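Visitor: Here it is, the structure in full.
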Amino acid sequence: MIQSMTGFGKHVIQLPTKKITIEIKSLNSKSLDLNARIPSAYRERELELRKTIASSLVRGKVDFSLYIENTGVETSSVVNEAVVRQYMNQLGGIVSGNDMALLEIAMRMPDTMKTEREDIDKEEYKIIEETLTEALKEINTFRSEEGLVLEDDFKARLAVLKELLGKVTLMDKDRLQTIRERLEKAVSDLKVDLDVNRFEQELIYYLEKYDITEEKVRLQNHLDYFTTTLNSEDSNGKKLAFIGQEIGREINTIGSKANYAPMQQLVVQMKDELEKIKEQMLNVL
């Protein structure tokens, strides 16, 4: 079952004094490109969080955001009393005024507030990990649902390619006969004496260059292998992309050997379907 690299997951947990929110967004990318937005107080745990995300999402351009909102009376900022008193003493020596007026002015001065950095509480971090796990479940569910849409589209286009290949196979006998007749007519129009046996040998050699039997067999095998990989348990976009390249190689070879307008028209249709598959393939994990 394939997965899309596009997804969104969000989970919120409300604690007595804090609200923890985790959001994860992902888009397609050749590798894992993880951008993390984390409050400075939690930076020491960033590598652990990144590792957890990488092991779950594997690939994609991922934006991870951790929001911690204080909802209670708890605060990490306190008044720097020594600095405030020094400001008030200095201001009192310059202007006259009551303590409340001087305090109001002093509190506007730099460094009057200080933030006390506390170590991350183990229980709180455990809750953050649980929140992350739930957010990852949501984004992976989103990716799987998008993957089902992509899978249906791939199967529909593969069916079209197989149908077109069937038409190519039916047309092949008429194509070779038409090429043969065209060559024989061109030679007869020259009105020259020919060694019939030698001409027949050259004609057979020429027609063999336009034989597409191997290409048809390989193309059918690649289409079947694409379907098998599509139905496997793991999502392997890189493997599917490689098979898509091989499918394109055989279609191109058939087109170059066709030398027959009706078959070349079928090849154009096959290329169009394959191009649409390749566009969607960019988003497969």
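Residue 1 is where the sequence shown starts when you use the UniProt record's numbering, and the numbers rise one by one after that. Beta carbons: idealized from backbone N, C-alpha and C, even for Gly. Here the structure is a predicted model, which is why all the values come from computation and not from measurement.
Taking C-alpha atoms, which residue in Ala261, Glu214, Asn236 lies nearest to residue 293?
Guide: Within the shown structure, residues of the chain are numbered from 1 to 285, placing residue 293 beyond reach of any answer.
Visitor: Could you tell me the distance, in whole angstroms, from the CA atom of leucine 148 to the CA atom of serine 29?
Guide: In the sequence shown, residue 148 corresponds to position 148, counting from 1. In the sequence shown, residue 29 corresponds to position 29, counting from 1. Going by the C-alpha atoms only, they are around 19 angstroms apart.
Visitor: Compute the beta-carbon to beta-carbon distance between isoleucine 247 and leucine 274, rounded to the nearest angstrom, for a pair I have assumed lies under 8 angstroms.
Guide: Counting from one through the sequence shown, the residue named residue 247 turns up at place 247. Counting from one through the sequence shown, the residue named residue 274 turns up at place 274. So it is a contact: roughly 6 angstroms between Cβ atoms.
Visitor: Could you name the residues of the same chain whose beta carbon sits closer than 7 angstroms to that of histidine 222, not counting the 5 residues immediately before and after it, in chain order?
Guide: Counting from one through the sequence shown, the residue named residue 222 turns up at place 222. Only Ile243, Glu246, Ile247, Glu250 meet the Cβ criterion.
Visitor: Would you mind sorting tyrosine 260 into buried or exposed? The rule is 16 or more other CB atoms within 10 Å of its CB.
Guide: If you number the sequence shown from 1, residue 260 lands on position 260. Buried: at least 16 other Cβ atoms inside 10 Å.
Visitor: Excluding sequence positions up to five away, which residues of its chain have a Cβ less than 7 angstroms from the Cβ of leucine 91?
Guide: By one-based count along the sequence shown, residue 91 stands at place 91. Result list for leucine 91: Leu102, Ile105, Ala106, in chain order.
Visitor: At what residue ranges does the stretch 31–69 contain a whole run of the alpha helix (DSSP H), taking only runs of 4 or more?
Guide: Taking only runs of at least 4 residues, the alpha helix (DSSP H) segments lying wholly in the stretch 31–69 are 46–57.
Visitor: Only counting the same chain, and skipping five residues up and downstream in sequence, which positions put a Cβ closer than 7 angstroms to that of arginine 157?
Guide: As a working note, residue 157 is residue 157 in the sequence shown. Same-chain partners within the cutoff: Glu273, Lys276, Ile277.
Visitor: Does serine 26 come out as helix, strand or coil in the three-state DSSP assignment?
Guide: Your numbering for residue 26 matches position 26 in the sequence shown. Residue state, collapsed to three classes: strand.
Visitor: Quick check: the Cα distance between glutamate 134 and glycine 255, rounded to an integer number of angstroms?
Guide: Here the question's residue 134 lines up with position 134 in the sequence shown. Here the question's residue 255 lines up with position 255 in the sequence shown. Distance between the alpha carbons of glutamate 134 and glycine 255 is about 51 angstroms.
Visitor: Roughly how many angstroms separate the alpha carbons of lysine 19 and threonine 71, rounded to a whole number?
Guide: Position 19 of the sequence shown holds residue 19. Position 71 of the sequence shown holds residue 71. So the two alpha carbons sit approximately 7 angstroms from each other.
Visitor: Based on DSSP bridge pairs, tell me the residues matched to lysine 10.
Guide: Stepping through the sequence shown from its first residue, residue 10 is reached at position 10. Answer is Glu23, bridged to lysine 10.
Visitor: Within its chain, find whatever has a CB closer than 8 angstroms to the CB of lysine 239; leave out the 5 residues flanking it on each side and keep chain order.
Guide: The residue you call residue 239 lines up with position 239 of the sequence shown. Closer than 8 angstroms at the Cβ level, and outside the excluded window around lysine 239, lie Thr229.
Visitor: Who does lysine 18 pair with in a DSSP beta bridge?
Guide: Your numbering for residue 18 matches position 18 in the sequence shown. For lysine 18, which the question treats as bridged, DSSP gives the partners Asn70.
Visitor: Would you mind reading off the limits of the alpha helix (DSSP H) that contains glutamate 215?
Guide: As a working note, residue 215 is residue 215 in the sequence shown. 213–230 is the extent of the alpha helix (DSSP H) around glutamate 215.
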